[in-house]
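Undergrad:
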Amino acid sequence: MNWKKEIELNLKYPFSLDNKSGPAYLKIAAPSSITAGFTLRPGGFSHGSFASANMSFQVGDQEALVTKNRRALLDGAGPDLFPALVTARQVHGNRCLTIVDSDPEKLGQIALTDADALLTDQPGILLGVMTADCLPLIMIDQEQRAVAVVHVGWRGLDQSIGVAAVTGLKRDFAVDVENLQVFAGPAIGSCCFQVGIEVVDRFRRHPLLEGTDDWYQERTSGYYIDLLSIQRAQLLAAGVAEKNFHQVDICTFCNDFCFSYRRDHAITGRQLAFVGIKGKNN
Ligand SMILES: [Zn+2]
Numbered sequence: 009m010n011w012k013k014e015i016e017l018n019l020k021y022p023f024s025l026d027n028k029s030g031p032a033y034l035k036i037a038a039p040s041s042i043t044a045g046f047t048l049r050p051g052g053f054s055h056g057s058f059a060s061a062n063m064s065f066q067v068g069d070q071e072a073l074v075t076k077n078r079r080a081l082l083d084g085a086g087p088d089l090f091p092a093l094v095t096a097r098q099v100h101g102n103r104c105l106t107i108v109d110s111d112p113e114k115l116g117q118i119a120l121t122d123a124d125a126l127l128t129d130q131p132g133i134l135l136g137v138m139t140a141d142c143l144p145l146i147m148i149d150q151e152q153r154a155v156a157v158v159h160v161g162w163r164g165l166d167q168s169i170g171v172a173a174v175t176g177l178k179r180d181f182a183v184d185v186e187n188l189q190v191f192a193g194p195a196i197g198s199c200c201f202q203v204g205i206e207v208v209d210r211f212r213r214h215p216l217l218e219g220t221d222d223w224y225q226e227r228t229s230g231y232y233i234d235l236l237s238i239q240r241a242q243l244l245a246a247g248v249a250e251k252n253f254h255q256v257d258i259c260t261f262c263n264d265f266c267f268s269y270r271r272d273h274a275i276t277g278r279q280l281a282f283v284g285i286k287g288k289n290n
């Protein structure tokens with residue numbers, strides 16, 4: 009089956025496939041003032057292990073091609089709406105960065121700052137996190153029009169980075185959690201995410217998971233955990249409404265239309281989760 013058919017079979021509202029031009033992405037149905045989605049592999053300009061829509065400058069790909077991939081995505085969103093993509097240095101921590109200043113020089117410094125979640129209420133800023141197996145989250149508050157994007161690996165999950173982003177949206181933008189929509193993009197699934205027993209033990213100590221065992225499996229080959237279900241449980245406990253938590257259910261390891269760090273033995277590109285409030289030219 010070709011990748012488009014495969015995706016379309018699995019996708020349901022609020023996600024749809026956009027592959028009209030530039031990097032293919034899973035578009036999120038959001039208010040008209042907001043652009044959001046999860047990019048995939050097809051539709052870019054990179055070659056070899058990075059083919060084709062690699063969005064990261066940090067993985068050994070040619071800089072000019074990454075720039076071209078990013079430009080094609082921004083142009084698709086409307087060239088005047090988002091002059092730049094803002095990403096931080098992802099370190100598997102729980103630091104959230106709130107962006108309230110759209111001065112280009114300050115935005116440029118964010119690329120050198122350690123953070124795994126970015127939050128803003130400023131129009132014209134496209135926030136992004138990059139993943140290739142880790143779980144990307146996009147958060148959209150429809151009332152206050154604040155947005156966030158989060159990079160969640162097992163270490164970030166252990167430190168509750170997703171909940172930290174929700175707390176940041178409440179604190180900095182008075183977001184009412186009941187109105188917060190959360191979208192979970194493609195990530196390594198419990199089918200493929202093998203971990204050591206020490207990782208399972210760490211999560212066993214989380215009060216939220218105590219006495220439950222539906223978030224991991226023990227098979228003959230080892231232990232497997234379900235990042236997505238743990239993340240979902242954490243966010244629902246933090247007040248996110250069940251009807252407002254949306255997941256795409258695509259395993260990056262199982263599907264070669266996604267980059268997968270583990271499947272591709274670390275030499276691979278990155279997908280981008282992006283969200284932004286459109287600028288004045290809209
Ligand atoms: Zn899988």
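Numbering (the numbering used here), first residue to last: 9 to 290.
By construction, the Cβ of each residue, glycine as well, lies at the ideal position given by its N, Cα and C atoms.
It should be emphasised that the depicted structure is a prediction, and the values quoted were computed from it without experimental measurement.
Looking at C-beta atoms only, is the number of pairs between the region 28-40 and the region 102-116 that lie closer than 8 Å three or more?
TA: These segments do not touch.
Undergrad: Taking the C-alpha atoms as reference points, what is the distance between ILE271 and ILE196?
TA: Inspection of the sequence shows that residue 271 is occupied by Arg rather than by Ile. Each residue's Cα considered, the two are about 10 Å apart.
Undergrad: Please confirm whether GLY170 and GLN239 have their CB atoms less than 8 Å apart.
TA: Contact: yes.
Undergrad: Can you give the Cα-Cα distance for ILE107 and ILE205, rounded to whole angstroms?
TA: One C-alpha to the other measures close to 38 Å.
Undergrad: Closer than 6 Å by C-beta to GLN279: which residues in its own chain qualify, once you throw out the five before and the five after it? Chain order, please.
TA: Counting only Cβ-Cβ distances below 6 Å, and skipping sequence neighbours, we find THR47, THR139, PHE267.
Undergrad: Within its chain, find whatever has a CB closer than 6 Å to the CB of GLY161; leave out the 5 residues flanking it on each side and keep chain order.
TA: Closer than 6 Å at Cβ, skipping near neighbours: HIS100, CYS142.
Undergrad: PRO144 and ALA281 look like a contact to me (Cβ under 8 Å); what is the Cβ gap, rounded to whole Å?
TA: Confirmed, Cβ separation roughly 3 Å.
Undergrad: Look at the alpha carbon of LEU25 and the alpha carbon of ILE258, and state the distance between them as a whole number of angstroms.
TA: Looking at the two C-alpha atoms, the distance is approximately 13 Å.
Undergrad: CB-CB under 6 Å to LEU73, same chain, minus the five flanking residues each way: which ones, in chain order?
TA: Closer than 6 Å at the Cβ level, and outside the excluded window around LEU73, lie PHE53, SER54.
Undergrad: Under a three-way DSSP split, which group does ASN290 fall into?
TA: The predicted model places ASN290 with a pLDDT of 48, which falls under 50 and marks its position as unreliable, so this point remains unresolved.
Undergrad: Would you say the beta carbon of CYS266 is closer than 7 Å to some non-hydrogen atom of ligand 1?
TA: The answer is no for CYS266.
Undergrad: Taking the alpha carbon of VAL157 as the point to measure from, which residue in ASP149, ALA274, ALA125, GLN150 has its own alpha carbon closest?
TA: Cα-wise, what sits closest to VAL157 is ALA125.
Undergrad: For ASN10, which residues from the same chain have a beta carbon less than 6 Å from its beta carbon, with the 5 sequence-adjacent residues on both sides left out?
TA: Closer than 6 Å at Cβ, skipping near neighbours: no residue.
Undergrad: Ligand 1 and PHE261: does any heavy atom of the ligand fall closer than 7 Å to the residue's C-beta?
TA: Yes, Cβ of PHE261 sits closer than 7 Å to a heavy atom of ligand 1.
Undergrad: Can you give me the Cβ contacts of GLY230 inside the same chain, cut-off strictly under 7 Å, excluding the 5 residues immediately before and after it?
TA: Taken in chain order, the residues that qualify are GLN202.
Undergrad: Note down the Cα distance separating GLU218 from PRO91, rounded to an integer number of angstroms.
TA: Computed Cα separation, rounded: 46 Å.
Undergrad: Buried or exposed: where does ARG179 fall if 16 or more other Cβ atoms within 10 Å of its Cβ makes it buried?
TA: It is exposed - the Cβ of ARG179 has fewer than 16 other Cβ atoms within 10 Å.
Undergrad: Skipping 5 residues on each side, what residues in its chain have a beta carbon closer than 7 Å to that of ARG153?
TA: So the qualifying residues of the chain are SER41, ASP129, ILE285.
Undergrad: Could you name the residues of the same chain whose beta carbon sits closer than 7 Å to that of ASP184, not counting the 5 residues immediately before and after it, in chain order?
TA: Closer than 7 Å at the Cβ level, and outside the excluded window around ASP184, lie GLU151.
Undergrad: What do you get for GLN66, buried or exposed, if any count of 16 or more other CB atoms within 10 angstroms of its CB means buried?
TA: When all chains shown are included, GLN66 counts as exposed.
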